[in-house]
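In this note's numbering, the protein residues as written are 193 to 1368. In this text, a Cβ means the ideal position worked out from N, Cα and C, and glycines have one as well. Everything numeric in this text was worked out from a predicted model, so none of it was measured.
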RNA sequence: GGUCCAGUGGCGGAACUGGUAUACGCACAGCACUUAAAAUGCUGCACCGAAAGGUAUGUGGGUUCGAUUCCCACCUGGACCACCA
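Below, the structure is given as structure tokens:
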């Protein structure tokens, strides 16, 4: 040492260590059972032609820091990288230039790879994936087929959002303010056959799952809002229609269609507490039309309106709000709680596809209803009072008395000059006129009395207003008690200025004065009156928040949540309605009419579509008991074109397996690959035995409340006691006979066998013994006795009805994207693939006849919905495996769930929800080991260009990381990006800021070259720094972690300063600093580490630990001394000073004595190690 | 319109469960080293005041010995959603 030290040369050092890491495979990870695993994940980038911009490295560096720290803490860390390469920009580039997207993608990925390696991220490159690699999308296609086979992918002709510029169908989520998210063009509506994924079936699971994961609040909230669960009630309104216009069909509670002479309309509401305020019933034009179809004879006018409204709706191109229109239907409904007749209106603001297509109109408490009622002169009835807390008051205090009053207030206007009458009160407050309502007095009478007494005006009119009244909630009004006031609030118009004298006592209390409209708001001082004024000004009569129920019979006085609950139980008790849960979430449009996406691996076969399907229904123990829904199912399936067989089995109260099978076998023999078996209870057991001896494949098997013989401890004697007359012994023998699952699996394939059982007698654990992939709990609560779910079962069965869509067999996957001449979508909006006749024409895998391929491709969300699973199973190094060997549940079990997933806020709704959906589905069919894919989710803020704008090529404000690395080095760039500001907030880029960080790294370099082998210089500071930096990294406060290290480095250098030329810093101090800094500036730290004589990479060195003993060692501290809360002095003391001594020392201070002015302190408070607070 | 988040020096920002507001960095000014510059180091840097001291965390209130932190209302900016009953 001492001689000229080498200069810190980032370029040389960084190259050197990147090469070292690659050569030594430092960051390639194996499934090591001896170490604790840690899976950290970043959102894989889209490899655009522009390359990385300076915003990309923010999340990457953050997770790199965390991954590197975890490695040093001894964890076995999987930190993978890949590319999400399907998507529009590349396709648009291909359309423009004619260059094949596959080639362009390859080039872009190479460039991204170079840049990412340049930044020194500790990725396991051996596991990289590329969503456009056929080996990868083979599995994207396979998963899609799983959805298809489980009835969760379906084709639907529906109006979709259509971007005329991109010629692409958009998911609802991709439409921003009626415009295309990508290009900003106004979105049109078009009808198109689209593949859909039934994510709505998972709404509840996706919502419940959020309880078991650690997501940042914002992400969790956004997911919840997107799913949009609303709890409310379904309420039935009777509708009285003239006899000749009867509507016959209604739904019963259970959902079975039944016939009835009665007509009802069901309505969903989130505010069942306001039913008393329902003054009209509004139905959608769609619902009205369906009434017409079943024979409602409406007037010509009404018919005309319905037609017009429906036309206007389909013509609407954007989601802009439309003017509310409507027409009275000429019929009345009965408000089911108040029993009053209310009119029925047809209107465009009620949507046919939302809820039940009808709503109850509560104008006093719903803005939309209010607008409508105002426009058409419908009555408004207030049933909720606002509950407000007076400004300046905190929440009501415990242990204080309560004063409850009824108060009335009037806003008195003189229409002649538009001025308002106020009172200036003795306490200097200014208010409107009003006062307390006396016991038994009417509010209007009280107001009249007050106005005359207080102001002398006698000729006025109190309007019968619909202003919301208040339930005021304040305190410290004159008395030290909680005051709860019911405030009634009216508008008053002066008829004339007739006036009588006001008594002297009244004048002394408050003096009336007139104020022009413009000055009222600054003159009125009472908070409640300011509220009133605002509402009066805005003409806002509608109060849609929670409050207190009034004029609502048995709900009066209840707060909204309690009122809702009480109303729901009342409705249920009177069989008028029930609790109902609605979701905002909609099914996922999964088709794109584009080239650059995964082809959908289905073919359409006309022949298969027209083939008649058979269904064999097998009843259970005691045929006429729980299985009594089978006849209904038979009728429904026959309606849908099935050939249905329901054999009666011999002696069903004394079941004998052999006899049953003998009867069933001939029926079973008729079934083929497209046919269906439905077994209920013991019938499902019989079905399994038929299947295990079968030599052929059966299409779909549904086993409901399945008696599957997997029970360990069943108390059969109990059944013997309960079921007198039944042969429980026979049942037991039948039940417990084991099933050869492998044989069953051969004849159905686990994907098409749907087991449902929530039988209370079957233990959850027994399900674990089922072969993987059996969909065993489709409907929660679907046991023997929940027959109301039978219609759901019907829908499920109908999903296996031939649609003509036939999945490709696994051997034909991946279905590769063919090369095409042109990348433009066709004019009809179909994908360029549709133009390739050779590719489109194919053979049906089912019947071998002629068939056509699906030409839609998948959306770019598809590939990213399971990439984290691909990494865990080895990524590209294992994706080449043939057949289904790649999918390795053991590897998934080892790595899943992802321990920490960081990504952008822009993906917290869609990508996060979609990938959770895929994972939960794969969990249900047994392909992944955990229901939730990500244990923890955090989010980074954007990096903005200077001036706060988003970085974009078009604005020309993109900062290129290549230049920054050239100028300052990768370590400085990484450290600066982490130092810029709070990780979860947006920050502006400022290249000047890099200078400071570079100086810091220079400083560390200098310290690393001035090592002395002597005792530790600042032990306490070192341990404090270690503790702080560790904690800051864990909580993602990277900026403060770095500032802690800067403070420490400054301290070490100052220490050096005493002996500038040849002073040294102790090895231990510097090594600690280098270890702490290494996750941020890995190249620099590796270099110093090796110069310090270490032979191994710093990447696996032990992360330093703070020594608690050192931290707690006695030392000098400053105690702050406050007098009445103000800092007056500080005193030095030892850190172990006792409370008493501290107080004594504080009082001994001269300055403090001066402030005390000889007074005796009332109270002295000591906060350990921090301060002494003296109250005089 | 709804939901959520934020507001602290010239700037980016710090203050972990209420406890000495302005850490760390940038910019700026002065000094040292140097023929000079760069680099580096040192000093200063919220506002008012000569000082004692006073005032400041968007505004106004509340709770508290003590509030950037908790509560209420308002203002400003941002993010996401939007006729979802």
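**OP:** Quickly, what does DSSP pair residue 622 with across the bridge? List them, please.
**Re:** What you label residue 622 is simply residue 430 of the first chain in a count that begins at 1. In the DSSP output, where bridge partners are listed per residue, residue 622 has 616.
Original post:
Given that a residue counts as buried once 16 or more other Cβ atoms are within 10 Å of its Cβ, and exposed if not, what is residue 670?
Top reply: Taking the first residue of the first chain as 1, we reach residue 670 at position 478. Bear in mind that a pLDDT of 40 at residue 670, under 50, signals an unreliable position, so the number given afterwards is only what the model happens to contain. Its Cβ having fewer than 16 others within 10 Å, residue 670 is exposed.
Original post:
Per DSSP, which one or two residues make a beta bridge with residue 406?
Top reply: Here residue 406 refers to the residue found at position 214 when the first chain is read from its first residue. Answer by DSSP bridge pairing, in chain order: 1128.
Subject >> Secondary structure of residue 463, DSSP reduced to three states >> reply: The residue given as residue 463 occupies position 271 in the first chain. Coil, per DSSP.
**OP:** Name, in chain order, the residues that DSSP records as bridge partners for residue 200.
**Re:** On the first chain, position 8 is the one that residue 200 refers to. Its beta-bridge partners do not exist; DSSP assigns none.
Subject >> Where residue 1116 sits in the DSSP three-state scheme >> reply: Taking the first chain and counting its residues from 1, one reaches residue 1116 at position 924. Assigned with DSSP and collapsed to three states, residue 1116 falls in helix.
**OP:** With a cut-off of 8 Å on the beta carbons, I'd call residue 791 and residue 1049 a contact; round off their distance for me.
**Re:** Mapped onto the first chain, residue 791 falls at position 599. Mapped onto the first chain, residue 1049 falls at position 857. 6 Å between Cβ atoms; contact.
Original post:
Counting along the chain, where does the alpha helix (DSSP H) carrying residue 1134 start and finish?
Top reply: Walking along the first chain from the start, residue 1134 turns up at place 942. Element bounds for residue 1134: n/a, residue is neither H nor E.
**OP:** To the nearest angstrom, report how far apart residue 276 and residue 765 are at their CA atoms.
**Re:** Locating residue 276 in the first chain gives position 84, counting from the first residue. Locating residue 765 in the first chain gives position 573, counting from the first residue. Counting only the Cα atoms, residue 765 lies some 54 Å from residue 276.
Original post:
Between the stretch 266–276 and the stretch 1127–1134, do three or more beta carbon pairs fall short of 8 Å?
Top reply: Here the stretch 266–276 does not lie against the stretch 1127–1134, with fewer than 3 beta-carbon pairs under 8 Å apart.
**OP:** Measure how close the beta-carbons of residue 743 and residue 489 come, nearest whole angstrom, since I'm counting them as under 8 Å.
**Re:** Within the first chain, numbered from 1, the residue matching residue 743 stands at position 551. Within the first chain, numbered from 1, the residue matching residue 489 stands at position 297. Not confirmed; about 37 Å, so no contact.
Original post:
In three-state DSSP terms, what is residue 1103?
Top reply: Your numbering for residue 1103 matches position 911 in the first chain. If DSSP states are grouped into helix, strand and coil, residue 1103 belongs with the helices.
Original post:
Going by other Cβ atoms of all chains shown within 10 Å of its Cβ, with 16 needed for buried, is residue 759 buried or exposed?
Top reply: Position 567 of the first chain, counted from the first residue, corresponds to residue 759. Here residue 759 is buried: its Cβ has 16 or more other Cβ atoms, across all protein chains shown, within 10 Å.
Original post:
If you run the structure through DSSP and keep just helix, strand and coil, what is residue 1208?
Top reply: Counting from 1 along the first chain, the entry for residue 1208 is found at position 1016. When secondary structure is reduced to three states using DSSP, residue 1208 falls in the coil class, being assigned neither helix nor strand.
Subject >> For residue 380, the residue or residues it bridges with in DSSP >> reply: As a working mapping, residue 380 is identified with position 188 in the first chain. Paired residues: 354.
**OP:** Could you name the residues that DSSP lists as bridge partners for residue 703?
**Re:** Taking the first chain and counting its residues from 1, the one referred to as residue 703 is at position 511. Beta-bridge annotation (DSSP): residue 703 is paired with 616.
Subject >> Alpha carbon of residue 407 to alpha carbon of residue 812, nearest angstrom >> reply: For the purposes of this step, residue 407 is taken as residue 215 along the first chain, with counting starting at 1. For the purposes of this step, residue 812 is taken as residue 620 along the first chain, with counting starting at 1. The alpha-carbon atoms of residue 407 and residue 812 are separated by roughly 46 Å.
Subject >> Span of the alpha helix (DSSP H) around residue 142 >> reply: Nothing in the structure corresponds to residue 142, since the chain is present only between 193 and 1368.
**OP:** Compute the Euclidean distance between the alpha carbons of residue 1335 and residue 1364, then round it to the nearest angstrom.
**Re:** Along the first chain, one-based indexing puts residue 1335 at 1143. Along the first chain, one-based indexing puts residue 1364 at 1172. Each residue's Cα considered, the two are about 6 Å apart.
Original post:
Which stretch, first to last residue, makes up the beta strand (DSSP E) that contains residue 1086?
Top reply: The residue labelled residue 1086 in the question sits at position 894 within the first chain. Premise fails: residue 1086 lies in the alpha helix (DSSP H), 1081–1087, not in any beta strand (DSSP E).
**OP:** Please report the Cβ distance between residue 1199 and residue 1262, rounded to the nearest whole angstrom; I am assuming they are in contact, meaning their Cβ atoms lie under 8 Å.
**Re:** Start at 1 with the first residue of the first chain, and residue 1199 comes out as number 1007. Start at 1 with the first residue of the first chain, and residue 1262 comes out as number 1070. The Cβ separation is near 5 Å, so the contact holds.
**OP:** Determine, using beta carbons only, whether residue 1061 and residue 1121 come nearer to each other than 8 Å.
**Re:** To locate residue 1061, count along the first chain from 1; it is residue 869. To locate residue 1121, count along the first chain from 1; it is residue 929. Contact: no.
Original post:
How big is the Cα-Cα spacing for residue 1001 and residue 938?
Top reply: Here residue 1001 refers to the residue found at position 809 of the first chain. Here residue 938 refers to the residue found at position 746 of the first chain. Residue 1001 and residue 938: Cα-Cα distance of roughly 15 Å.
Subject >> Reduced DSSP secondary structure (H/G/I, E/B, other) of residue 788 >> reply: Here the question's residue 788 lines up with position 596 in the first chain. Shown here, residue 788 sits in coil according to DSSP, grouped into three states, outside any helix or strand.
**OP:** Locate the alpha helix (DSSP H) running through residue 521, then write down its first and last residues.
**Re:** Here residue 521 refers to the residue found at position 329 when the first chain is read from its first residue. Run containing residue 521: none in the alpha helix (DSSP H); it sits in the beta strand (DSSP E), 518–526.
**OP:** Classify residue 827 as buried or exposed, calling it buried when 16 or more other Cβ atoms lie within 10 Å of its own Cβ.
**Re:** Taking the first chain and counting its residues from 1, the one referred to as residue 827 is at position 635. Here residue 827 is exposed. Its C-beta has fewer than 16 other C-beta atoms within 10 Å.
Original post:
Count the other CB atoms within 10 Å of the CB of residue 499; is the residue buried (16 or more) or exposed (fewer)?
Top reply: Here residue 499 corresponds to residue number 307 of the first chain, with the count starting at 1. Its Cβ having fewer than 16 others within 10 Å, residue 499 is exposed.
Subject >> Range covered by the alpha helix (DSSP H) that runs through residue 515 >> reply: As a first step, residue 515 must be located in the first chain, where it is residue number 323. No alpha helix (DSSP H) holds residue 515; DSSP gives it neither H nor E.
Original post:
Where does residue 452 land, buried or exposed, given buried means 16+ other C-beta within 10 angstroms?
Top reply: The residue you call residue 452 lines up with position 260 of the first chain. Reliability of the predicted coordinates at residue 452 is poor, the pLDDT of 33 falling under 50, and the value obtained from them is presented with this limitation in mind. Residue 452 comes out exposed.
Subject >> Touching by the beta-carbon criterion (3+ pairs, under 8 Å), the stretch 1186–1193 and the stretch 1206–1216 >> reply: No, the stretch 1186–1193 is not in contact with the stretch 1206–1216.
**OP:** Would you mind reading off the limits of the alpha helix (DSSP H) that contains residue 872?
**Re:** As a first step, residue 872 is located in the first chain; it is residue number 680 there, counting from the start. Boundaries for residue 872: no alpha helix (DSSP H) harbours it, while the beta strand (DSSP E) harbouring it runs 868–872, taken from the DSSP string.
Subject >> Supposed contact pair residue 415 and residue 402 - C-beta distance, whole angstroms, cut 8 Å >> reply: Position 210 of the first chain, counted from the first residue, corresponds to residue 402. Position 223 of the first chain, counted from the first residue, corresponds to residue 415. Going by Cβ atoms, the distance from residue 402 to residue 415 rounds to 6 Å, so yes, they are a contact pair.
Original post:
Using a Cβ-Cβ cut-off of 7 Å (strictly less than) and excluding sequence neighbours within five positions of residue 1195, which residues of its own chain qualify?
Top reply: For the purposes of this step, residue 1195 is taken as residue 1003 along the first chain, with counting starting at 1. Leaving aside the five residues that flank residue 1195 on each side, the residues in its chain whose CB is nearer than 7 Å to its CB run, in chain order, 1241 and 1245.
**OP:** Please confirm whether residue 774 and residue 422 have their CB atoms less than 8 Å apart.
**Re:** The count along the first chain starts at 1 and reaches residue 774 at position 582. The count along the first chain starts at 1 and reaches residue 422 at position 230. Taking 8 Å as the cut-off, the Cβ atoms of residue 774 and residue 422 count as close.
Original post:
Since residue 866 contacts residue 801 with CB under 8 Å, what's their CB separation in whole angstroms?
Top reply: Taking the first chain and counting its residues from 1, one reaches residue 866 at position 674. Taking the first chain and counting its residues from 1, one reaches residue 801 at position 609. Actually they do not touch by this definition, with Cβ atoms about 10 Å apart.
Subject >> Residues that DSSP places opposite residue 1358 in a beta bridge >> reply: Taking the first chain and counting its residues from 1, the one referred to as residue 1358 is at position 1166. DSSP links residue 1358 through a beta bridge to 1364.
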